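> The opening residue of the sequence shown carries number 4 in the numbering used here; numbering runs sequentially from there. I have a structure here, written as C-alpha cells, and I will follow up with some questions on it.
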Amino acid sequence: MRAVLKDFQSAAVEKLSRSLRRMTRDYWEDGRLSATCLAAPTGAGKTVMSAAAIEALFFGDDALALDPDPHAVVLWLSESPALNEQTRNRIMQVSDKLSADFTDYSMLHVIGSDFAEERLRPRNVYFLSKNMLSRNGILTRGTEATSGRTFWDVLDTTIRDPERNLYLFIDEAHRGLGPEAFAPSDTATIYANLIDGFEGRAAMPVVVGVSATPQRFVAAMQERNDRDCMSPVRVAPSDVQESGLLKDTIELYVPDTDTAVEHQYLTLACRRYNEACERWAAYCGDNGEPPVSPLLLVQTADHISDGALAGLCDQISSLVPGLKSQLAFETSFANVFGEHGNIRAGRYYIPYIRPENVQGARLTRVLFAKEAVSNGWDCPRAEVLFSQRTRKDPTYITQLIGRMVRTPLAHRTDDGILDSVACYLPNFNPQTTHEIVDYLTGNGKEPEAAVAGKDGVLENPQDVSPAVPRGRDDYERQMAEWSEAARAASPAPLPGLDDLPETEDAPAATTEPEPVPASGSEPTTTPEPKPAPNPESGPVNPLYQPQAAPRPMPRPEPLTKRDSSFTPAEWEGIKAAYDSIPVRRNPKKARNEFRSLLDAATLMDTTELLQTAEHDVDERFCREVEGAIAAEREAYDAKRAEVENTPMVKIILDRRRNQEDREKGVAPIDDDGIEKAAAPARREFSGDELPNAYQRFCLEHGVDIDEANLRLATIVRTFEIMDRLRKWAAEYRGDLFDVTAQGARIQLTAARREEYEQLERESAGHRLTHLAWPTATKVAGVGKAWPRHIVQRDDGLYPLKLNVAERHVLETELDRPYTVAFYRNPSNNSTYSFSIPYNASNGRQALRPDFIFFVRDGDGVIRPSIVDPHGDFLADTLGKLRGYVEYLREYPDAFKSAVMVGCPAKGDYRTLDLLDSKVQDTIDGWSEVDTRGLFSGPLSHPYM
C-alpha cells in the first residue's frame, strides 16, 4: 500500500481479510453463501481499508501471514458512475499493487455499455453502477458483440467456474437494502438479483457491504434463509477521531439574536479563509508537506438569482486576494448546483464541476452549493463554510459539514486552526443549533453518523493563546524588530546592466507567486518600498532573477490582560513543570516483528535520524541467524534432516491376496525443491530484504546459494530459532528508538513524527514521550470563564463548560494559596493531551485526567499535580484507578500529588491519594467492580 494504515484500519483489514478467506472456503466446501459488512463511520477511510483487503486477497500479506488467492476477482457495486470513478481514483492513489502509477488502470475496470468479456478475470476489480443493470440497459439485453450474452450470464459463468472466486463489494450498502429491498423498486430488484441470482442463475457466494450505517444491509442479509451473516467488521468512531483522520473540532458561529448578519458573517468567513490559506502555506512549507489549497464553501438558498450570486462574489473578491473570475479555465469560482449548468453572474463566470472532481480542482477556491452536494463526496480541503440555509434546514447543513471533516494530510497538525472546520450560520441562533450539535456528535437519531467527539463541536468559538508574560518593554522591543523586518522585506531596485554577472550560463528568470496576506490585519506603518526604476529610463539586467520574498513577520499584538496573568518567574516554573510530565502512549502489538523493524529502520534512514539503520539491520540479522543456529543446533539439525529428506510411505495393495503393505522411506530434496522450501522465509521475514541479505552474507562467506536456501528453509521451520529471532527484532527495534528519541522530537515534521510514534508504540517496554506545548487555538465560548489557565483569551480568562463535580473541584483548587495555574486536559489524542494507558473491557485504552494544576511546593518550586473528578459508581473507575497506580509506581516523582475525587450523586466528595502505597495496594487487590467501597473506606478522605 502507498498509504500507511492507521492502527484501527490495520485491525479492520486483518479481520475482514480472514473473514473473506473463511467465507470462500465455506462456499467451495459446503456451498454456503455468506455476507459480512465493513461498518465504519464517516472519515474512517472505508475505500482505503477495502483496497488493502483486496490487495491482500490478490497478492497475500506477509505481515498477516495470508497467502494470495490467485482466483480472486472483485465486483464493486455503487449507485452511480461518478462514485465508481471517485472510488477507482482513490484506490489508485493508495494501492501500489492494484495500480503501478496514477495512470495504470490495467487491474481496475469500469464496466460500460461496451463490456464484452465472457467471464470476469482473476486479480481484477470491476466497477459497476446499478443503473447499468436496469431493465432496458444494454448489459441486461445482450448485443451482437456479446452473442446475446447478458451480464447476468457473465456473472453466472464466473461464479460457477472453479478457477474463479468472486467477491461482491457493495458501496454505501445501506441504500436499496433492508426490509424494503424485496419491494418491486428498480434499485431493490437490481440489488436482490445480484445477491440472490437472476432467474435461477448462481447466487453471489460472498457479499461485503461497505457502509457507515450498516443496519439495513445487516437486516437484509439476516432475512435471507440461505445466507450466513457473519459478524460485521466494525470501526469505532472514537478510534477514527483519535487517529487524526478527522478534524478535532467543528466551530459553529451563530448570532445571539435574530438580527440580519449575513453580510458580517460572510466577511468573518472570508477572513477565516484567508487565515487558513496563510497557515496552510506556512505549515506545508515548514514541514515539507504537499501544498494544501483551502476551499471556501458557500451554501446558498434554493432559488438564488444570478444577481444575488454576483453580490456574493463581489463581497468575497473584495476580501480574499488573488481570486480570478473571468476566464473559464482560470476562474476561482465553481458550483455544484443540481442544475449542472455553467453560470454567468455579472462579471463572474461560475462553471459547474462534478462533486467528485472538487478535491483535485486546485484552482477552484470558492465553491457554491445548495444542499448536501452528493452521496460519497468528501472534500478534505474545505476549511470554511458559510451557509444561507435557515433553521428549518439543519439536515442540509449537518450533511455538508460531515463532508468537510477529513484532515487534508490525513494527520493532525497540532495547529488549532488547521485542525478545525469553521461554519458560519447567520440564520441560526444558539437555541436552534442543538439539532446540528446532536447530529455531529452522535447524540441524535443517527448516532453512527457522528463526525466529532462530545467536545468536538464548538459553539461561537473564541481565540485563546498561551499566557506568555509581556510588559511594555517587551512590546516596544517586538515593535522595533517588526519594523526592522518590514524594512528588510522592502523590494530592492532592479539591477542595471552594470550589475551583469560575468557567467554566460545564468539561469532563466523565474516568477514567484504572490504571498497571500494575513486576514484581518491592522493598518501598519510599514515603510513604503523604494520605487523600482522605470525600465524606460535605463536598461535593466536581462538576467536578473527576482528572489522569493521572505514571509512577512506578523505585527505584534497590543498588550492585553493575558500578558500580565503570570510573572516571568511563574511562567518559567509552569513551563518546566509541564515539560517534566512523562507521557506513556498506548502500546500496540506489532503485526510482524520483522516488518516493524524494517519499517522503523527505513524511516530512520530516510529522515536521517540514523543513516545506517537499514544496513545495520541487515548486518545484525545475519549475525543473529548464525548465532541462533549455533545456540539451537540440535533442533536445527533435526529440522534440517526433515527438509533434506521428506519422510514418505509407500503403500502396496496386493489385490490377489487382498493385502496391504507399507514401506517407509524418504524423498531427497533437489535444487528446485530447496528453492521452494525456502519460499516461506520471505513471508515469515515480511518480504525479500532480510532473506536476500542472508543470501548475500552466505555468498560472501563462501557458502553457495543452495546451502543458503536450505538454511533459510530450515530456520523458518525451527520454532526455537524463530522465537529467538522475533525477540531479537523486538529488542533491536527498541534500541533504535532509544537512540533516536531526542532527535525525533526536534528534527521530524508532524507527519513523520506521527509515523515515528506509531512505530515506536510497537516497541517492547514503556516508550516515553512528552507533552507538546498548547498553541493558539479556539475554544467554545460557553460556560463560565476562569482565570489562571495556561492558555487564555485576551481578557486573561478561559471559558469552560463544566459539570457540577468539575466546577466544584476547579473552584476548590483555585482557592488554595499554593495553586499557581491550571490546565484543562484535552479529551482528544493530540500531542498536547496527557494520557495514561489502562486496561478496559474492550482492550487497552487511554485515560485523560480532567485537570492538571501547577502548585508551589514547600521549597517554592512549581510542580504539576493531578486532581481528577470521576464518578465512583462508573464501570470504568477501577480500570482507571489501576492505570493510575501502574503509572505512578513507575514515575512516583512526576507529580506533587495525584488524587481521584469520587463524585457520588449526593455530592459527598471524597478522595483517594493515588501516591499512597497503601491506597495503591488496596486498589490492586480490590475484587469488586463497584468502587464506592473504596471511596467510603478508611483510606479515603473528605475533599475540602
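Note that CB positions come from ideal geometry on N, CA and C, so glycine has one too. Source: prediction; values computed, not measured.
Quick check: the region 596–614 against the region 704–720, are there 3 or more CB pairs under 8 Å?
Not touching, per the Cβ criterion.
> Could you tell me which residues DSSP pairs with G905 in its beta bridges?
DSSP output for G905 lists H873 and R913 as bridge partner(s).
> At what residue ranges does the region 37–90 contain a whole run of the beta strand (DSSP E), taking only runs of 3 or more?
If we require 3 residues or more, the beta strand (DSSP E) runs fully inside the region 37–90 come out as 75–81.
> When you compare each of L562, Q481, A616 and D566 to M556 by their alpha carbons, which one comes out closest?
Taking only the C-alpha atoms, the option nearest M556 is Q481.
> Would you list the one or two residues that DSSP bridges to E663?
Its beta-bridge partners are L656.
> To which residues does DSSP link A865 through a beta bridge?
Looking at the sequence itself, residue 865 is Ile, so the reference to Ala does not match. Answer is R859, bridged to I865.
> For H112, which three-state DSSP category applies?
Strand, per DSSP.
> Which runs of the alpha helix (DSSP H), 4 residues or longer, sit entirely within the region 221–281?
Here the runs fully enclosed are 240–246.
> Of the choices F154, R755 and F854, whose alpha-carbon is the least far from that of G291?
Of F154, R755 and F854, the residue nearest in Cα terms is R755.
> Tell me which same chain residues have a C-beta within less than 6 Å of the C-beta of P518, skipping the five on either side of it?
Because P518 carries a pLDDT of 39, less than 50, the predicted location of this residue cannot be relied on, and the following value inherits that uncertainty. No residues qualify anywhere along the chain.
> Are S320 and L312 touching if we call contact CB-CB under 8 Å?
Against a cut-off of 8 Å, the Cβ pair of L312 and S320 comes out as no contact.
> Between T106, R126, A788 and E265, which has its C-alpha nearest F61's C-alpha?
It is R126.
> In angstroms with no decimal places, state the Cα-to-Cα distance between T256 and Y268.
Per the sequence shown, the amino acid found at residue 256 is Tyr instead of Thr. Y256 and Y268: Cα-Cα distance of roughly 8 Å.
> One question on the structure: do V369 and F336 come within less than 8 Å of each other, judged by their Cβ atoms?
Yes; because the gap between Cβ atoms is below 8 Å, this pair is in contact.
> Short of 6 Å in beta carbon distance, which residues of its chain neighbour A54, apart from the five on each side in sequence? Order them along the chain.
So the list reads I94, V97 and S98, once near-sequence residues are dropped.
> According to the neighbour-count rule (16 or more other Cβ atoms, all chains shown, within 10 Å of its Cβ), is W31 buried or exposed?
Exposed, because fewer than 16 other Cβ atoms sit within 10 Å of the Cβ of W31.
> Looking at the secondary structure, which residues open and close the beta strand (DSSP E) in which V301 lies?
That run of the beta strand (DSSP E) goes L298 to Q302.
> Give the range of the alpha helix (DSSP H) segment to which L937 is assigned.
That run of the alpha helix (DSSP H) goes R935 to S939.
> Suppose you measure from the CA of Q244 to the CA of L131; what does that come to, to the nearest Å?
In a straight line, the C-alpha of Q244 is about 32 Å away from that of L131.
> What residues in its chain sit with their C-beta under 6 Å from that of L67, if we drop five residues either side in the sequence?
So the list reads E17, once near-sequence residues are dropped.
> Which residue comes first and which comes last in the beta strand (DSSP E) that contains V460?
From DSSP, the beta strand (DSSP E) with V460 extends over V460 to E462.
> Would you kindly work out how many angstroms separate the C-alpha atoms of V7 and S13, rounded to a whole number?
Approximately 9 Å between the Cα atoms of the pair.
> Under 8 Å by Cβ, that's how I've got A716 and V646 pegged, so tell me the actual separation to the nearest angstrom.
Their Cβ separation, rounded to whole angstroms, is 5 Å, which keeps A716 and V646 in contact under 8 Å.
> Quick check on Y826: buried or exposed, where buried means 16 or more other Cβ atoms within 10 Å of its Cβ?
Answer is buried; the Cβ neighbour count reaches 16.
> Going by other Cβ atoms of all chains shown within 10 Å of its Cβ, with 16 needed for buried, is S37 buried or exposed?
S37 is buried by the Cβ-count criterion.
> Can you tell me whether G523 is buried or exposed, with buried defined as 16 or more other CB within 10 angstroms of its CB?
Only weak support exists for where G523 lies, its pLDDT of 36 falling under 50; the coordinates are left without a value.
> Considering only DSSP beta bridges, list what L388 is partnered with.
Answer is L300 and C426.
> Locate the alpha helix (DSSP H) running through A783, then write down its first and last residues.
Careful: A783 lies outside any alpha helix (DSSP H), inside the beta strand (DSSP E) at T780 to A783.
> Have a look at P820, D924 and D229 and flag the residue whose alpha-carbon is nearest the alpha-carbon of L942.
Nearest option by C-alpha distance: D924.
> If you draw a straight line from the alpha carbon of R729 to that of R626, how long is it in whole angstroms?
One C-alpha to the other measures close to 14 Å.
> Any idea what DSSP makes of P125, helix, strand or coil?
Of the three classes helix, strand and coil, the one that applies to P125 here is coil, per DSSP.
> Answer yes or no: do K49 and V213 have a C-beta to C-beta separation smaller than 8 Å?
Yes, the pair counts as a contact, with Cβ atoms nearer than the cut-off.
> Going by other Cβ atoms of all chains shown within 10 Å of its Cβ, with 16 needed for buried, is K921 buried or exposed?
Exposed: under 16 other Cβ atoms inside 10 Å.
> What residue does the alpha helix (DSSP H) around F569 start on, and which one ends it?
No alpha helix (DSSP H) contains F569, which DSSP labels as neither H nor E.
> Output yes or no for whether 8 Å exceeds the beta carbon distance between A385 and R275.
Not in contact: A385 and R275 (Cβ atoms no closer than 8 Å).
> Looking at the strands, I want to know which residues DSSP matches up with D927.
Its beta-bridge partners do not exist; DSSP assigns none.
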